[in-house]
Amino acid sequence: MIAGDDAPLLQVEPGYRNVLRVRSAIFWGTITIAALIADRALWADTPVALIVPAILIFITIVAVGVIPNRTYRRLRYRLTDCLLQVMRGWLVHSDTVVPLVRVQHLDVVRGPLEKMFGTSTLVVHTAGTLNSTVTVPGLSPERAAEIRDVIREHVRTDFE
Amino acid sequence: MSERISNDPPLPAAHAVGPVERLHPAFLIAGLGGSVRAVSGGYAFLAYLIVSGRFSTALIVGIGIFIVSIISVFVYWRHFEFRVGASEIRIDSGIFSRTHRSIPFDRIQDVDISQGVLARLFGIAKVKLETGGSSGPKADEGVLQAIPLKRAEDLRNLIRSRRGAAAATAETASGVSDTPTAEPIYRMGIKRLLLAGTFNFSLALFAGLFGLTQTMGDFMGFDPLSAAFWQSVLSEDPARSFILAHQAAAVIAGIILLVLIGLVTGVVRTVVRDWGFRLDRTEVGLRRRRGLTTITDVTLAVRRVQAAIMAGGPLRQALGYSELRVQTLGHDEGSGNHVVAPLATCGETNAIVEQLGWRRLPHGIPWTRVSSGYIWSLMVGLTPLYLVLIVQLAVIQYALFQVQENIRAIVWAEMTPVLVSFFAVLGVIVVAIGSRALAWRTTAYAIDGDRLLVRTGWWKKRLTLLPLRRIQSITLHESFVTRRFGIASLAFGVAGGRAGRGYSVPAIPREGARGLRDRLLDVTP
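Those protein sequence lines, which keep their order, are chains G and P. Under my numbering, read the first sequence as residues 291 to 450, first letter to last. Under my numbering, read the second sequence as residues 20 to 544, first letter to last.
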């Protein structure tokens with residue numbers, strides 16, 4: 291078994307849901323408004339008027355109201371003595387494991403939205419060409435820095 | 020601006036991180052060049068304005084570009100901080116999105132110091148830190164745009180001294196015998212070369228000819244691939260009546276000609292590329308020399324080899340041959356897949372594998388086949404195509420059951436595209452499922468001590484040797500389709516390949532996949 295397998299699977303900060311909500315609201319909102327303008331300007335008098343915007347409004351509601359919660363609930367991570375594990379995804383599920391000794395370098399990234407909701411993203415770079423970056427979003431800045439320091443210690447002791 | 024920085028809650032400082040340092044203020048001038056160059060689109064616009072005679076507008080735009088450049092350089096400088104610790108360097112950068120990067124010294128492969136003309140004037144230098152990370156362009160990993168030259172050299176010495184011990188252990192850990200042998204470990208004689216050429220059967224010539232006639236045909240005034248051209252060539256010839264009279268014979272002769280051309284193309288290409296193929300063992304690795312017109316000489320460092328792949332089609336395998344490639348992580352010779360033996364027998368392959376410092380392949384590998392869910396999940400995944408098929412069937416049925424004679428004639432006249440697309444979609448489905456079923460029979464994996472063996476493909480068979488300590492990450496994938504069949508796939512990140520390309524084992528029963536992953540991680544130090 292994986293050493294330290296008893297380490298619990300942890301959830302990220304609840305604030306991450308808001309980051310996701312605002313992100314998809316911006317993305318889908320922009321598309322919906324563009325579609326609405328196009329709809330009014332181009333085919334307002336045809337029978338298909340308002341169909342595309344209506345579909346997009348529905349998608350926006352789902353993408354903002356339902357999906358962030360699910361994404362958040364299914365995002366789990368675990369840090370054991372020798373590896374970092376990240377599980378994510380709803381319809382398509384992925385479960386990535388990175389041995390800590392394989393890590394090349396580390397980033398803690400905070401975008402404006404993440405600052406607003408008090409989260410940050412840990413980015414782990416590996417040498418593999420597949421999954422060359424493994425990200426753990428939605429961590430509190432303190433937790434991200436803590437994990438960063440733990441992993442860095444392992445990188446340091448690799449050759450010694 | 021400064022408020023934003025102070026609002027940013029400081030990350031808990033680790034014990035061994037030095038004081039905050041900034042780029043040299045001279046960067047504000049030296050860096051301007053790079054920033055001014057960066058707005059290339061602006062210059063096109065500027066040139067357009069000048070050409071169209073609007074000089075005053077051009078002046079305003081030019082000044083605008085200049086001011087924006089100055090501001091962006093200043094903002095970059097203002098928000099860039101780095102700290103050198105006992106074992107790592109930390110770089111904090113970014114304006115709206117802050118990145119706090121931590122690069123351990125042990126992972127820095129190379130420190131590159133460069134100086135431009137302006138930089139030399141100010142006594143500053145640009146420092147690039149390269150790690151083995153595979154994401155994005157190398158320049159992004161750790162760049163200090165402008166620090167005093169003295170500081171840059173100190174930094175390089177510090178990193179070198181920290182890495183010195185590490186490099187020495189890595190060298191001995193590879194455990195390579197240092198005796199250079201005069202005898203090549205693999206070479207290709209002329210017979211082997213010709214045999215390899217016949218396996219490289221290629222109709223690329225026709226593809227090239229086709230492309231040429233598409234672009235050149237009008238220019239040349241004739242199209243050698245069109246029927247009209249041949250009819251006109253043969254119009255006065257008695258051969259024409261002969262060929263038209265013996266169509267079957269003509270078709271057979273054409274096919275034979277096609278095969279011959281394919282063979283010759285393959286042989287010529289192989290001979291030109293692999294002439295005098297020779298693989299030697301040198302102190303650091305495998306030295307490969309080959310080529311007829313351009314001789315290439317590449318040395319592949321043994322300790323940079325990440326994986327070995329044996330590939331071959333059914334014919335090649337039936338004759339007991341395969342091609343051996345190695346995937347390496349390189350700085351000088353370039354990363355990627357390198358052919359170390361184009362056509363080798365089992366014994367020769369094993370000899371080369373042993374030269375890599377690896378064990379030879381055991382007899383009777385205990386393969387574990389993948390689940391038949393591999394086929395079923397594809398069948399379910401093709402559902403959108405079935406829907407297309409059903410719609411097409413409905414249309415065809417509508418045409419078939421037209422009672423009135425005249426309407427039926429009209430409908431059938433329009434049916435050709437529907438029929439063609441129906442059979443095309445049907446063909447795609449049959450080929451996809453058929454090849455997946457054949458692939459399922461050969462796809463298997465096995466753990467052989469400290470390495471993973473993966474076998475895939477039916478037409479192009481591959482056997483991959485992946486040492487477990489070369490696995491950088493493992494991802495278990497499940498989708499809402501595969502979950503129904505209780506299967507999952509494992510994907511392995513390995514260094515040195517093409518971006519986004521790794522190795523994977525599909526359709527392992529879910530528990531087995533987790534077990535395999537645990538076993539692989541267990542062996543991984």
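A virtual CB, placed ideally from N, CA and C, is assigned to each residue, including glycine.
With C-beta atoms as the reference, is P:PHE499 less than 8 Å away from P:SER396?
Along the second sequence, read from residue 1 onward, the residue named residue 499 of chain P stands at position 480. Along the second sequence, read from residue 1 onward, the residue named residue 396 of chain P stands at position 377. Their beta carbons are not under 8 Å apart, which means P:PHE499 does not touch P:SER396 by this criterion.
Near G:LEU374, what residues of its chain come up, given a Cβ to Cβ distance below 6 Å and the 5 sequence neighbours on each side ignored?
Looking up residue 374 of chain G in the first sequence gives position 84. Closer than 6 Å at Cβ, skipping near neighbours: VAL388.
Using the DSSP secondary-structure output, state which residues sit across from P:PHE511 in a beta bridge.
As a working mapping, residue 511 of chain P is identified with position 492 in the second sequence. Answer by DSSP bridge pairing, in chain order: P:ILE493, P:TYR522.
Report the residue from P:VAL290, P:ARG126, P:ASP537 whose alpha carbon sits nearest the alpha carbon of P:GLY161.
In the second sequence, residue 161 of chain P corresponds to position 142, counting from 1. Nearest C-alpha to P:GLY161: P:ARG126.
Could you work out which residues of chain G lie near P:THR5, taking near to mean beta carbons separated by less than 9 Å?
The structure shown does not extend to residue 5 of chain P, since chain P is modelled only from 20 through 544, so no value can be given for it.
Taking Cβ to Cβ, would you say P:GLY37 is nearer than 8 Å to P:VAL103?
Along the second sequence, read from residue 1 onward, the residue named residue 37 of chain P stands at position 18. Along the second sequence, read from residue 1 onward, the residue named residue 103 of chain P stands at position 84. Contact: yes.
Look at the alpha carbon of P:GLU342 and the alpha carbon of P:ARG460, and state the distance between them as a whole number of angstroms.
The residue labelled residue 342 of chain P in the question sits at position 323 within the second sequence. The residue labelled residue 460 of chain P in the question sits at position 441 within the second sequence. Whole-angstrom Cα-Cα distance: 21 Å.
Measuring CB to CB, does G:VAL414 end up less than 8 Å from G:LEU403?
Counted from its first residue, the first sequence places residue 414 of chain G at position 124. Counted from its first residue, the first sequence places residue 403 of chain G at position 113. Cβ distance not < 8 Å, so G:VAL414 and G:LEU403 don't count as in contact.
Within 10 angstroms of its Cβ, does P:ASP129 collect 16 or more other Cβ (buried), or is it exposed?
The residue given as residue 129 of chain P occupies position 110 in the second sequence. Exposed, because fewer than 16 other Cβ atoms sit within 10 Å of the Cβ of P:ASP129.
In chain P, what lies closer than 7 Å to G:CYS371 by C-beta?
Mapped onto the first sequence, residue 371 of chain G falls at position 81. Residue identity differs from the one stated: residue 371 of chain G is Asp in this sequence, not Cys. Chain P residues near G:ASP371: none, gap ~12 Å exceeds 7 Å.
Buried or exposed for P:LYS479, please, with buried defined as at least 16 other CB atoms from any protein chain shown within 10 angstroms of its CB.
Within the second sequence, residue 479 of chain P is the residue found at index 460, counting from 1. Counting Cβ neighbours within 10 Å, P:LYS479 comes out exposed, since fewer than 16 surround it.
Mind pulling the chain G residues with CB within less than 9 Å of P:VAL345?
Sequence index remark: in the second sequence, residue 345 of chain P carries index 326 (1-based). The contacting residues do not exist; P:VAL345 stays about 15 Å from chain G at best.
Kindly indicate which residue of G:ALA417, G:HIS444, G:HIS383, G:SER314 has the alpha-carbon position closest to the one of G:LEU346.
Position 56 of the first sequence, counting from 1, holds the residue named residue 346 of chain G. Among G:ALA417, G:HIS444, G:HIS383, G:SER314, the Cα nearest to that of G:LEU346 belongs to G:SER314.
Using a C-beta cutoff of 8 Å, does P:ILE328 count as contacting chain G?
Stepping through the second sequence from its first residue, residue 328 of chain P is reached at position 309. No, P:ILE328 does not count as interfacial toward chain G.
So for P:ILE82, helix, strand or coil by DSSP?
Working through the second sequence from its first residue, we reach residue 82 of chain P at position 63. Helix.
Helix, strand or coil at P:ALA192 according to DSSP, with G and I counted as helix
For the purposes of this step, residue 192 of chain P is taken as the residue at position 173 of the second sequence. Reliability of the predicted coordinates at P:ALA192 is poor, the pLDDT of 37 falling under 50, and the value obtained from them is presented with this limitation in mind. Note: P:ALA192 maps to helix in three-state DSSP.
What runs of the beta strand (DSSP E), each 3 residues or longer, lie entirely inside the region 437-491 of chain P?
463-467, 470-475, 480-486
Take the Cβ of G:MET406 as the centre, count every other Cβ of all protein chains shown within 10 Å, and call the residue buried at 16 or more, exposed below.
Counting from one through the first sequence, the residue named residue 406 of chain G turns up at place 116. So G:MET406 counts as exposed.
Answer yes or no: does any C-beta atom of chain G fall closer than 8 Å to that of P:LEU582?
Only positions 20 to 544 of chain P appear in the structure, and residue 582 of chain P is not among them; the question remains open.
Taking only beta carbons into account, state which residues of the region 310-332 of chain G come closer than 7 Å to chain P, listed in chain order.
none
Cβ neighbours of P:PRO528 in the same chain (closer than 7 Å, five flanking residues each side left out)
For the purposes of this step, residue 528 of chain P is taken as residue 509 along the second sequence, with counting starting at 1. So the list reads SER390, GLY505, ILE506, once near-sequence residues are dropped.
P:GLY366, enclosing alpha helix (DSSP H) - first and last residue:
The residue labelled residue 366 of chain P in the question sits at position 347 within the second sequence. Start and end: 365-374.
Taking the C-alpha atoms as reference points, what is the distance between P:SER454 and P:TRP386?
Position 435 of the second sequence holds residue 454 of chain P. Position 367 of the second sequence holds residue 386 of chain P. Roughly 21 Å separates the two Cα atoms.
So is P:GLN336 buried or exposed if we call it buried at 16+ other beta carbons inside 10 Å?
By 1-based counting over the second sequence, the position of residue 336 of chain P is 317. Per the 10 Å Cβ criterion, exposed.
Do you know whose CA, among P:ARG308, P:ALA215, P:GLY331, lies nearest P:ARG288's CA?
The count along the second sequence starts at 1 and reaches residue 288 of chain P at position 269. Taking only the C-alpha atoms, the option nearest P:ARG288 is P:ALA215.
What residue range does the beta strand (DSSP E) around P:GLY295 cover?
Stepping through the second sequence from its first residue, residue 295 of chain P is reached at position 276. No beta strand (DSSP E) contains P:GLY295, which DSSP labels as neither H nor E.
Based on Cα-Cα distance, which residue from P:LEU42, P:VAL278, P:ILE84 lies nearest to P:GLU100?
Here residue 100 of chain P refers to the residue found at position 81 of the second sequence. It is P:LEU42.
Between the region 358-375 of chain G and the region 427-439 of chain G, are three or more C-beta pairs nearer than 8 Å?
yes
Can you give me the start and stop residues for the alpha helix (DSSP H) that G:MET406 sits inside?
Taking the first sequence and counting its residues from 1, the one referred to as residue 406 of chain G is at position 116. 402-406 is the span of the alpha helix (DSSP H), which, as asked, contains G:MET406.
Against chain G, with Cβ distances strictly below 8 Å, would P:GLU497 count as a contact?
Against the second sequence, residue 497 of chain P aligns to sequence position 478. Chain G, which has a Cβ nearer than 8 Å to the Cβ of P:GLU497, makes this yes.
Where does G:VAL376 land, buried or exposed, given buried means 16+ other C-beta within 10 angstroms?
Position 86 of the first sequence, counted from the first residue, corresponds to residue 376 of chain G. Buried: at least 16 other Cβ atoms inside 10 Å.
Taking C-beta pairs closer than 7 Å, name the residues in chain G that P:THR494 reaches, listed in chain order.
If you number the second sequence from 1, residue 494 of chain P lands on position 475. SER384, ASP385, THR386, ASN421, listed in chain order.
Check the Cβ of G:GLY418 against every Cβ in chain P and list those closer than 7 Å, keeping chain order.
Indexing the first sequence from 1 puts residue 418 of chain G at position 128. By Cβ distance, chain P contributes SER153, GLN491, SER492, GLY512, VAL513, ALA514, GLY521.
Distance check for P:LEU445 and P:TYR405, CA to CA, integer angstroms please.
The sequence position of residue 405 of chain P within the second sequence is 386, counting from 1. The sequence position of residue 445 of chain P within the second sequence is 426, counting from 1. Their backbone Cα atoms lie some 9 Å apart in a straight line.
What in chain P is Cβ-close to G:VAL424, meaning under 7 Å?
The residue labelled residue 424 of chain G in the question sits at position 134 within the first sequence. Within chain P, the residues near G:VAL424 are SER492.
What in chain B is Cβ-close to G:PRO343, meaning under 7 Å?
No chain B appears in the structure shown, which is made up of the protein chains G and P.
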